[in-house]
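See below for the structure under consideration.
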Amino acid sequence: MTDQRPIASSFDRPIVQLRDVDRLSQGAGRVVYRHPERSDLVIKIHKPLKVKPLQRLRTALRYHRRRFGSLLNSFVEIDEFAAIVARNGKVPPFAAQFMGFVQTNLGPGAMFEAMVRSNGKLALNLQSHARSKAVEQGIVSAIDKLWDQIVESGAVVADPSLRNVVVTGDATSGYRLILVDGLGERTLIPILRLSKRAHQAYCARARRTMQKEYRAQAQRP
Numbered sequence: 001m002t003d004q005r006p007i008a009s010s011f012d013r014p015i016v017q018l019r020d021v022d023r024l025s026q027g028a029g030r031v032v033y034r035h036p037e038r039s040d041l042v043i044k045i046h047k048p049l050k051v052k053p054l055q056r057l058r059t060a061l062r063y064h065r066r067r068f069g070s071l072l073n074s075f076v077e078i079d080e081f082a083a084i085v086a087r088n089g090k091v092p093p094f095a096a097q098f099m100g101f102v103q104t105n106l107g108p109g110a111m112f113e114a115m116v117r118s119n120g121k122l123a124l125n126l127q128s129h130a131r132s133k134a135v136e137q138g139i140v141s142a143i144d145k146l147w148d149q150i151v152e153s154g155a156v157v158a159d160p161s162l163r164n165v166v167v168t169g170d171a172t173s174g175y176r177l178i179l180v181d182g183l184g185e186r187t188l189i190p191i192l193r194l195s196k197r198a199h200q201a202y203c204a205r206a207r208r209t210m211q212k213e214y215r216a217q218a219q220r221p
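First residue of the sequence shown: 1, per the UniProt record's numbering; consecutive thereafter.
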C-alpha cells in the first residue's frame, strides 16, 4: 500500500500553541500573548484589517496597507526601529526589539522582546505602575529621560500612551521606561519624519502629556 501521508517540506515550521491563559493585552489591531516556551518573548497576533467603505480608495492608494494588510502595525514598528539604527549607528535602548515571525495556532505572529522584572514577571505598563503607587520622582525623571532619548534619536512615536510604555528597574537602582508599542508614524504624509521642527514640537507636547497623565493616574499619598 502506498503511504499517503504528506511529505514534510523544508518550509514546515513548528506551530506554537497559544492559549487564553497566555493572553496579555488586546488593542485595536493586535492581541498580545506571552510566548509559552520563551519567557523573554511576547507574540503579537494581528487582527484582520478593517476598512470602512468610504476609506477603500484611500486604502488602495496607500502602498504599505495594500502590501502588508493586517501586518501593517508591526511593519511600521519594524521599519521605524530599523531607521533609528541606521540613522544613529546603534540599537535604541528605549524600545523593544523585533525578534522575527513565528507560526502559531492562531496564525502568523510577530515576536518582540519581553521586558521582565527581577522576579521573572513581565514588567508593568506605566499606567498600572502609576495606579499602584504615589507619584515617584524616579518615574518623573525616567519619563524625561525617555523623551530625551526619543528626541536625540529622531524616533517617531505615534501612540505614546501610558499603556505602551513599561517600567523596568526599581526605585533603588533607578527606573527605566521602555516603549513596547506605538513606534512609527501611521499617516499618509510622514510630517514628523520630514520636519525636525515638527518632530521636536510633537515630542515636547507628548512629554508634557505623559507627565500629566502619569500624575493623574498615580495614587495620592
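Quick reminder that beta carbons are idealized off the backbone N, C-alpha and C, glycines included.
Since this is a predicted model, take the numbers as computed values, not measurements.
Residue L41 holds the alpha-carbon nearest to the alpha-carbon of L18 among D12, V91, L41.
DSSP, reduced to helix, strand and coil, places G107 within a strand of the structure shown. Exclusion of the five residues before and after Y202 leaves L192 as the residues of its chain whose Cβ lies within less than 8 Å of its Cβ.
In the three-state reduction of the DSSP assignment, T209 falls in the helix class, which pools H, G and I.
Within the region 131-155, the runs of alpha helix (DSSP H) that reach at least 4 residues and sit entirely inside it are, in chain order, 137-153. For I78, no beta strand (DSSP E) run applies; the uninterrupted alpha helix (DSSP H) run containing it begins and ends at 72-88, by DSSP. According to the DSSP assignment, L188 belongs to no alpha helix (DSSP H), since it is labelled neither H nor E. In this structure, the beta-carbon distance from A218 to A130 falls below 8 Å. In this structure, V156 and E185 form a Cβ contact; the two beta carbons are roughly 4 Å apart against a cut-off of 8 Å. As the crow flies, the alpha-carbon of M115 is around 18 Å from that of I45. For L146, the closest of V135, I43, K133, L126 by C-alpha to C-alpha distance is L126.
Ranked by how close their Cα comes to the Cα of L183, the residues V31, P92, I189, S25 have P92 in first place. Within a 10 Å sphere around the beta-carbon of L177 sit 16 or more other beta-carbons, which makes this residue buried. Its chain contains R215, A218 as the residues whose beta carbon lies nearer than 7 Å to that of V135, once the 5 sequence neighbours on both sides are disregarded; these appear in chain order. Put simply, of E152, M111, N119 the residue whose alpha carbon is nearest the alpha carbon of R87 is E152. Contact check for F94 against L179 passes: the beta carbons are separated by less than 8 Å.
Residue environment for I143: buried (at least 16 other C-beta atoms within 10 angstroms of its C-beta).
Comparing C-alpha distances from V76 to each of D148, T172, A158 shows the shortest one belongs to A158. Put simply, the backbone Cα of R30 is about 17 Å away from that of L162.
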